[in-house]
Amino acid sequence: MQYDYDDQNIFAKILRGEIPNKTVYENDHALAFHDILPQAPVHVLVIPKGPYVSLDHFARDASPEEQAGFMRAVAEVCRLTDVEKGFRAISNTRAHGVQDVPHYHLHIIGGTQLGRMMPA
Ligand code: AMP
């Protein structure tokens with residue numbers, strides 16, 4: 028699999044400071060910010076600072092330090108937001124997964140009772 032990163036995507040622009048964001052948490056390897064169109068009371072996006080297009084790209088090519096930094100950021104988002112009763116983490120990926128922004132991001136969605144992901 029070849030992953031081609033487009034550095035003009037909107038999250039790359041946020042990382043370069045060209046577009047504002049509502050930051051929830053930041054460390055050396057990851058940035059977490061509020062989704063601009065929240066689907067629930069808590070809707071935060073966690074992104075790596077490196078140029079990875081998707082979850083599978085990040086899982087394959089990111090260094091252990093980048094991966095740990097990213098996961099620690101997820102933990103901090105969960106600590107800082109109202110998700111004690113639970114949440115959903117989603118990584119939409121490429122066309123079948125309906126991914127709009129080609130920079131890896133994990134949606135953390137919660138703060139209310141969610142419906143089943145796949146209706147029975
Ligand atoms: P996806 O469809 O998984 O690629 O999700 C992309 C997400 O990015 C959507 O939930 C958008 O609402 C969100 N989004 C797009 N532009 C911005 C922005 N400038 N700031 C925050 N969230 C954004």
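Under this note's numbering, the first residue of the sequence shown carries the number 28, and numbering increases by one thereafter. Positions of the beta carbon are idealized from the N, C-alpha and C atoms, including for glycine.
Measuring straight from C-alpha to C-alpha, what distance separates residue i and residue j?
i    : j    : result
D83  : A89  : 10 Å
H64  : E92  : Here the sequence assigns Leu to residue 64, which means His is not the residue at that position. If you take the alpha carbons of L64 and E92, they lie about 30 Å apart.
G44  : A59  : 14 Å
A86  : V110 : 25 Å
G137 : M28  : 33 Å
P68  : T139 : 7 Å
Q126 : A102 : 23 Å
D62  : M145 : 23 Å
D55  : V73  : 13 Å
Y131 : F114 : 19 Å
Measuring from the CB of residue i, is there a heavy atom of the ligand AMP at a distance below 7 Å?
i    : result
H132 : yes
Y36  : The residue asked about is misnamed: residue 36 is Asn in this sequence, not Tyr. Flag unset: Cβ of N36 not near the ligand AMP.
Q60  : Looking at the sequence itself, residue 60 is Phe, so the reference to Gln does not match. Yes - the ligand AMP has a heavy atom lying nearer than 7 Å to the Cβ of F60.
V64  : Per the sequence shown, the amino acid found at residue 64 is Leu instead of Val. At least one heavy atom of the ligand AMP is nearer than 7 Å to the Cβ of L64, so yes.
I46  : yes
> Counting only runs that start and end within the stretch 47–91, where is the alpha helix (DSSP H) found for 4 or more residues in a row?
Replying inline: If we require 4 residues or more, the alpha helix (DSSP H) runs fully inside the stretch 47–91 come out as 82–88.
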